[in-house]
Amino acid sequence: MLSMGSAPFEFVNWARDRLPDYLWVAAQLHGGKERVLTTAVQLDLASAAIAEHVTEMPSDWVFDGTLSSFEQLPEPARSALLARLDATGTYEDFVPEGLAHTLAQYKDAPGAWLIAPWIDRGLEVTTSAAEDWLRPVIAAALGGQGTLATRSKALTIRQLLKAGRVHLGENIGFLELLPRYPLDTNDDETARVESNLRAMFNAIAPTAASDWPRTFWRSNWRLFECEWPNAHDDDEAEKTSAATSDDTAPTLRDYLLDLQSRAQQLWDTYFETATTTPPDLYDPDRFEVLTGLVGRAVRYVLSFIQTPPMWTMEHGSPILRALLETEIVFRYLLHTEVEEPLYAKFKNFGAGKIKLLKLHIEEHIDSLESPPEELLQYRDYLEAVVNRDIYEEFQSVNLGGSFSGVDTRRMSQAVGMESDYRFVFAPASSNVHGEWGVIDENVFTTCANPLHRYHRIVAEPSSTLIGASFVESIMDRATDLVQRYVAEIAEDVDDPHP
Ligand SMILES: [Zn+2]
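Residue numbers (my numbering): 233 to 730.
In structure tokens, the structure reads:
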């Protein structure tokens, strides 16, 4: 005998592993709480009809309306039940026509013997009739916490209690509420009973060992079609309201021209400062590193603004991340320059990476009998780059993650950009690395057919709506960076940095 609290907890995947067995139950219960009573009465009448034939059933059998509980009935019990239903004129209530259309679609569906009278009468089963009947039932019963699923579970608990297969402990507080559930319990009481029932179901309901759940879901892919959600409805509405509210709204072309002109101004400001400021030829590292960082950022922006399809987090995150990282590094270099200038270290870190690449190329060349000329040229090119600032013999290869020995998050903390790191840099990094959440959000949409258990289907690549906000945020960041650059470098005009 089972009792509450003694069974180990096991996660039950209701929709996937149990619901297919509850098709009869869920269909009978679908449509209002009165159905709980009528379904219980149906089960009691059926139990009476089969009683004399089920005295020697296996110990784990309980007649709870699951398809497997019907399937386990021996032949005499099946005949007795069908005969009783026929005699009382209740067959069509007990076995709805839709259930016949449905069970006929699957190979070896448990309980399929129930529909034999329909077939004998010459019912022509069709997949579309099956879908019409099954879809609303499955849609309503998929959520394991939902009303229909909970009432389905309640019916199993009821049958287990009636069969004396389960004993509730003395201190089960909701016991006194059970006889009144669900017709005469108030909302609070109903919620209490239902959460207890669900917990009990998880703990004690017999597990269906058959392949039926697998067969059911896998067959549904072949039987029923995917339904694409109307992803463009909202977009259409937005376009319409934008068109009617403001006929003078700028076109994409106007906007692009404006954007190009602003980006060009940004470049001009940067370029003017970079070419008129004394570079400190005695020790040019500071000027060159700061100028290089900002120049790379503005070059990115100039190219990025030309390509509207990139103006989304999905496709624009690499540039957003690069801009943020540049800003963090730029500010961190300035933040540390009094205590410990890092400009030479920044250069050496990058040069060390190139030196390592050059060493690998040389190794590869040594392993070839006749290395191609292009490879030798590439080696020479790398050698020139590596030796540009410091002779390579004196250069070390730093395999750490950062030139400063401090990771990007801690650099962002040091310069007061931690919230940018958390809210912009980290999600942009997730995009760049192609983490699952990002893939899920962008590549897929959800099939709207509940008979497919709301699986993911590939979305149209054009489904993402582009807007100005992303590209404007890029422009804002780049503008801020250039302004900081001008302010820093301009100091040097009258007072050259030591
Ligand atoms: Zn689908």
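For glycine and all other residues, C-beta sits at the position ideal for the given N, C-alpha and C. All figures in this text were calculated on a predicted structure; none of them were measured in a lab.
Residue pairing by DSSP puts ARG688 in a beta bridge opposite THR678. Remark: the shortest separation between the CB of ASN619 and any heavy atom of ligand 1 does not fall under 6 Å. When DSSP states are grouped into helix, strand and coil, SER628 belongs to the coil group. Take the alpha-carbon of HIS333 and the one of THR417: they are about 36 Å apart. At least one heavy atom of ligand 1 is found less than 6 Å from the C-beta of HIS684. Scanning the stretch 634 to 670 from its first residue to its last, the whole alpha helix (DSSP H) runs of 4-plus residues come out as 640 to 646 and 658 to 665.
Residue range 575 to 599 is occupied by the alpha helix (DSSP H) that includes ASN580.
In the DSSP annotation of this structure, ALA341 is not part of any alpha helix (DSSP H), being labelled neither H nor E. Less than 7 Å separates the beta-carbon of THR505 from that of ILE721. The C-alpha of TYR502 is placed about 8 Å away from the C-alpha of GLY527. If you check the C-beta of ASN462 against ligand 1, you find no heavy atom less than 6 Å away. Distance from the CA atom of ASN428 to the CA atom of GLY297, rounded to whole angstroms, is 21 Å.
The three-state secondary structure of ASN452, taken from DSSP, is helix.
The beta carbon of ASN663 sits no closer than 6 Å to any heavy atom of ligand 1. When the Cα atoms are used, LEU410 and VAL425 turn out to be separated by approximately 7 Å. Judged by DSSP in its simplified three-state form, ILE622 adopts coil rather than helix or strand. Taking the Cβ of ASN452 as the reference point, every heavy atom of ligand 1 lies at 6 Å or farther away. When the alpha-carbon of SER661 is set against those of ARG553, LYS587 and HIS687, the nearest one is in ARG553.
Residue state for VAL244 is assigned as coil, using DSSP reduced to three classes.
The shortest CA-to-CA distance from SER634 to any of ALA691, LEU314, LYS579 and LEU697 is the one to LYS579. Using a 10 angstroms sphere on the CB of ILE282, the tally of other CB atoms reaches 16 or more, which defines it as buried.
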